[in-house]
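Each remark here refers to the structure printed beneath this line.
Residue numbers (the numbering used here): 1078 to 1352.
Written out as structure tokens, the structure reads:
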């Protein structure tokens, strides 16, 4: 019992020091300061995040940071790991952080923080979660516009040359199939053309009520916007071939986000030619 109580007291003390350091960091961000000889505008307060704190603890023993964020289920748009040693004092630690990492501490794009203290060693993760487009429907239609722009130019996909192709038309049934698959991947935390229930792209299109001659599907995950998605597809021979396929005439697309998933944002594009 004595050991348990002592361990609890030590843990509570470190938690209190974590809170104190967070308060000091947020005061530093709010006050406006100079970093590398330049004035830095005030930045919003960081929010304590339990997943980042867990990643900070494991990253201190075994980097790199990315795999620890993935293990904890935090999908980051950007992230930074900071480490300082030599003092248990939050105030002195703050001084060390300001001297060594002023640019990272004052970066306005960071919104979340995780802090782990082990005696005189501090491990800190700053991050911003990856979030999907605010207007999913508009993002899906942007996929169509970018795809048609790509089809308007001859290009090479891997080792195959493609002539420019006719623009595709938007189809609501294909969009429904695409959106359903993106939502399923996001909610069930997987990334595959085959859904968790075993369904394949052609089966999902058929279930949406679309009668087809040809079906093809592109998927992507983790990208923040439609342009990044289509750019990535055009760099991949198989995805590029789907984009440039002259035999398809219609398409639909869908995007869904889930912060608790490993990849955060899931995109699906479905191509087809009707009967």
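No residue lacks a Cβ here, since even glycine has one placed at the ideal position from N, Cα and C. All figures in this text were calculated on a predicted structure; none of them were measured in a lab.
From residue i to residue j, what distance separates their C-alpha atoms?
i	j	result
residue 1092	residue 1171	16 Å
residue 1277	residue 1251	14 Å
residue 1297	residue 1152	15 Å
residue 1205	residue 1141	17 Å
residue 1121	residue 1150	24 Å
residue 1201	residue 1263	28 Å
residue 1213	residue 1260	12 Å
residue 1312	residue 1320	11 Å
residue 1234	residue 1180	41 Å
residue 1106	residue 1100	10 Å
residue 1335	residue 1147	13 Å
residue 1208	residue 1123	17 Å
residue 1314	residue 1288	27 Å
residue 1344	residue 1240	26 Å
residue 1275	residue 1257	14 Å
residue 1095	residue 1182	15 Å
residue 1097	residue 1173	15 Å
residue 1271	residue 1324	23 Å
residue 1110	residue 1186	17 Å
residue 1342	residue 1267	11 Å
DSSP on residue i, reduced to helix/strand/coil?
i	result
residue 1189	strand
residue 1182	helix
residue 1302	coil
residue 1168	helix
residue 1086	The predicted position of residue 1086 is uncertain, since its pLDDT is 40 and thus under 50; no value can be drawn from it.
residue 1019	A question about residue 1019 goes unanswered here, because the residues of the chain that appear run from 1078 up to 1352.
residue 1124	strand
Would you give the residue range spanned by the alpha helix (DSSP H) that residue i belongs to?
i	result
residue 1348	Residue 1348 -> not in any alpha helix (DSSP H); beta strand (DSSP E) instead, spanning 1342-1351.
residue 1148	1142-1149
residue 1281	1278-1284
residue 1256	1249-1265
residue 1318	1314-1321
First and last residue of the beta strand (DSSP E) that includes residue i?
i	result
residue 1157	1153-1162
residue 1288	It is not in any beta strand (DSSP E) - residue 1288 carries neither H nor E in the DSSP assignment.
residue 1327	1327-1334
residue 1116	1115-1117
residue 1221	Residue 1221 -> not in any beta strand (DSSP E); alpha helix (DSSP H) instead, spanning 1213-1228.
residue 1197	From DSSP, residue 1197 is part of no beta strand (DSSP E); its letter is neither H nor E.
If residue i sits next to residue j, beta carbons under 8 Å apart, how far is it from one beta carbon to the other, in whole angstroms?
i	j	result
residue 1210	residue 1290	With 8 Å as the limit, residue 1210 and residue 1290 do not qualify as a contact, their Cβ atoms being about 32 Å apart.
residue 1222	residue 1346	Residue 1222 to residue 1346, Cβ: 12 Å. No contact.
residue 1137	residue 1198	7 Å
residue 1273	residue 1283	The pair is not a contact, with the Cβ atoms about 18 Å apart (cut-off 8 Å).
residue 1285	residue 1242	That belief does not hold up - the Cβ atoms of residue 1285 and residue 1242 are roughly 24 Å apart, past 8 Å.
residue 1103	residue 1189	About 12 Å; that fails the 8 Å criterion.
residue 1156	residue 1203	7 Å
Can you find at least 3 beta carbon pairs, one from the region 1211-1222 and one from the region 1321-1337, that sit closer than 8 Å?
-> yes
Could you say if the region 1185-1199 and the region 1124-1139 meet the contact criterion of at least three C-beta pairs nearer than 8 Å?
-> yes
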